[in-house]
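Notes follow once the structure below has been shown.
Right, dumping it as structure tokens:
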């Protein structure tokens, strides 16, 4: 460690116990299973590069001293993306927060910039991010690209992986003489959603979207299935501007205490972001479905009750809850939603985010339920699959076992080329960089949960 | 007529024979059937209002003197929208060409403005029309809204009727004391695509789209079905900016003489407009399909070889050709395209425009073939329908027989309220304002061609 730190002279770092604890954690505590599997994993040092030169020095020192490392953005991942499985260095990227350039509909920024700051800067020029996670205020650009996959905006633009949403990535390899790669075209997906183990992303280039005046909107319905039907109709209303279509069965809205005045008891609620420019045709759509608009105002941050934040609000109220992550079929979406709700609604609370995904509109769900153990989890996974719903394993920290990333030969060859000593958070890729002794206990059980996968 | 003209004192008008001939014609000559049915129909006077006040005076005078009238934009319709079936006045709207306002993402303009001029004005503020017909250089805003339904941009935004693409219409009724109506929300569809018989549109309010830097692009393929598959993949690549995806089986490209250097013999060709901002991911998509890019430049007006213009280029070369208008099913789109091409490809030349339509991606086709009469036309209609392809009757001038407009009770009640004396191009709505003696000959046969309709 001393030799390693000597090589980093001048680069801010900390070995303070509190800092190590905070910077070794992410939002994997959402899952009681992952929480148990990852508990107590700590980095040995937090290093905070100030610029790309520092990143190159850190990469070289890690390679030279065989020091494991984990690049860290806002630490908002739910899958242990930022938890150092094998100790070593946490590389905190948040000082690399410059916008490299912004042209009319394209921008490039350093990976450590907070999405909220980036979005604010883009909006000064009438542009905004095509999509962002519900954790926009904390999450960084590099963290979103490395560990995320979609978010608010995906209902219009598809997921990050879909061609056109990422234009270029600058990546530093972990070698004694690190290389700086510029990945373009389909090659961006070698690093996107690789949980940070395929090199350190230092810059991201992406197309921006026009900054419409979004209205944070709630529409309530007597019936969840009607709300889901409305959600799909809105999501596929190509002429209506929308950035978010999120539909919640009661009692999920009961967890959104700050929105209580707009969420009547027993009603299903659609939480939406609608472009003010198409408010009238939106209202006509609401009327045709018999919904009631209870809120329609700018800048209410309603997105912070959707996607991952829905889970957070529920867990804040009730720590006995857990969830699974599923994707409804692109065909017969509503039929599958209805069947799941009718068959399992007594045990699971459904909420949906409509998303474009691989060219199709569909709905993602993160149903909430009281956790009773692996047997229940497995039973529920199978019950969803029986209705044609695909399940991601949201309770394992292993990259490929989640079911969202297809680690094919090309991906693995790239991994070996950018991280030949397998120093980037070793233990994330089962079969390649397993930790000594392999998985056991909860971590092993979690990895073995069934996942039908999203071919992600 | 004299009393009518006296009421219009000061409003420019003409009874010159050449003017009457020119202003009584539109692009219905594309169809040999419609051409025969509409031949010789002439207006008695061309009136050219200078402003809305003139329009009100004309409407009042028509009501008072029982003068039939036809509002006319650029005269680019293919369905006799601008041909006066019962004589009377042609009301030429092109002097009403002012932009009423332009805000960040919404604009409002007078109905007579040429789309090309409107688009140029919008682009000065970084905006453009969401969609326009291939006749953008001639067509007017009011004509597009009254007689059109979709166009270049529909692959992203859907069709004009889809909620959100039209925000408001100002409409003058044909009464002795004309009313000025402002239609908003779903009510815009009472007048949109009513072939101009539901009141005179004087202003249109609509959302605008960001003005990307479009690259006019051609990609060629050995095989038409592969080109169609590529087209659908591009059309549903939500992250890639595109305004046009038009796919042509050989020998259709042979008719595009000005593009000959970019259209190799025997190859299927995709004519595209791609946002330069997402050119790299687009190229990655082309590569994954094995296509060859033969053109990729800004401002080549490639749209003037697609949609209705495809037919025009073919007819210019060979007047024995005619066409039918079809829509492929939203599910199994490629399978249906493939079956039609394999079964009927020897007789019909396929080309496709991918379009979003009622929330779904699908492909419209205007297959070209050598015209042999009604029997052949009927046989082909049925052959397409047998493959699950819906057919519009593109050879009748009757509004509801085309199959694209559902003239329900609400529509008919609105028609009666805005035009109580049935003066707006009488003869367009079968069963309501039939001409004396009704249809006969070619017009009758044409109206009876089968149409599975688009529920439009």
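Residue numbers (this note's numbering), protein chains in the order written: chain V, 612 to 1067; chain Z, 612 to 1067.
Every residue gets a Cβ at the ideal spot worked out from N, C-alpha and C, and that includes glycine.
These figures come from a predicted structure and were not determined experimentally.
| Query | Result |
| --- | --- |
| Delimiting residues of the alpha helix (DSSP H) encompassing residue 613 of chain V | 613-618 |
| Burial state of residue 912 of chain V (16 or more Cβ within 10 Å) | exposed |
| Residue 762 of chain V and residue 743 of chain V closer than 8 Å at C-beta | yes |
| Under 9 Å (Cβ pairs) to chain V, residues found in the segment 827-857 of chain Z | 843, 844, 846, 847, 848, 849, 850, 851, 852 |
| Backbone secondary structure at residue 885 of chain V - three-state DSSP | strand |
| As assigned by DSSP and simplified to three states, the class of residue 831 of chain V | strand |
| Where residue 894 of chain V falls, given that 16 or more other Cβ within 10 Å makes a residue buried | buried |
| For residue 700 of chain Z and residue 769 of chain V, the rounded distance between their alpha carbons | 51 Å |
| Proximity winner among V:902, V:677, V:618, V:685, relative to residue 634 of chain V (alpha-carbon distances) | V:685 |
| is_contact[residue 823 of chain Z, chain V] using C-beta, thresh 8 Å | yes |
| Chain V contact residues for residue 797 of chain Z, given Cβ-Cβ distances below 7 Å | 895 |
| Whole-angstrom distance between residue 775 of chain Z and residue 1008 of chain Z, CA atom to CA atom | 28 Å |
| Selection from V:905, V:977, V:904 that minimises the alpha carbon distance to residue 937 of chain V | V:977 |
| Neighbouring residues, chain V, relative to residue 717 of chain Z (Cβ below 8 Å) | 888 |
| For residue 861 of chain V, the three-state DSSP class (helix, strand or coil) | coil |
| Sequence-distant residues of the same chain with beta carbon closer than 6 Å to residue 665 of chain V, five excluded per side | 622 |
| Inter-residue spacing [alpha-carbon to alpha-carbon] between residue 647 of chain Z and residue 756 of chain Z | 26 Å |
| Neighbouring residues, chain Z, relative to residue 665 of chain V (Cβ below 7 Å) | Residues of chain Z passing the Cβ test: none, with the nearest at roughly 29 Å. |
| Buried versus exposed call for residue 1019 of chain V [16 or more other C-beta atoms within 10 Å across all chains shown] | exposed |
| Closest by C-alpha distance to residue 711 of chain Z, when choosing among Z:749, Z:813, Z:692 | Z:813 |
| The segment 779-796 of chain V touching the segment 808-826 of chain V, judged by at least three CB pairs closer than 8 Å | yes |
| Cβ contact check for the segment 997-1008 of chain Z and the segment 940-949 of chain Z: 3 or more pairs under 8 Å | yes |
| Alpha-carbon to alpha-carbon, residue 1043 of chain V and residue 644 of chain V | 23 Å |
| Chain V residues whose Cβ lies nearer than 7 Å to that of residue 918 of chain Z | Result: empty, since nearest Cβ-Cβ is about 18 Å, beyond 7 Å. |
| Test: residue 768 of chain V CB closer than 8 Å to a CB of chain Z | yes |
| Contiguous beta strand (DSSP E) assignments of at least 3 residues, all confined to the segment 999-1039 of chain Z | 1001-1003 |
| Per-residue contacts from residue 970 of chain Z into chain V (C-beta, under 9 Å) | 843, 844, 846, 847, 848, 849, 972 |
| Sub-8 Å separation of residue 657 of chain Z and residue 630 of chain Z beta-carbons | yes |
| Near-chain V residues of the segment 891-915 of chain Z (beta-carbon distance less than 9 Å), N- to C-terminal order | 891, 892, 893, 894, 895, 896, 898, 899 |
| Min CB distance residue 809 of chain Z to chain V below 8 Å | no |
| Inter-stretch contact (C-beta, 8 Å, three-pair minimum) for the segment 1028-1045 of chain V and the segment 967-975 of chain V | no |
| Pick from V:902, V:986, V:1016 that is closest to residue 1056 of chain V, judged by C-alpha positions | V:986 |
| Residue 775 of chain Z: contacting residues in chain V (beta-carbon distance under 8 Å) | 848, 849, 850, 851, 852, 889, 892, 893 |
| Among Z:804, Z:695, Z:725, Z:741, the one whose alpha carbon lies nearest that of residue 709 of chain Z | Z:725 |
| Environment of residue 878 of chain Z [buried if 16+ CB atoms lie within 10 Å] | buried |
| Cβ-based contacts, 8 Å cut-off: residues of the segment 725-751 of chain V near chain Z | 737, 741 |
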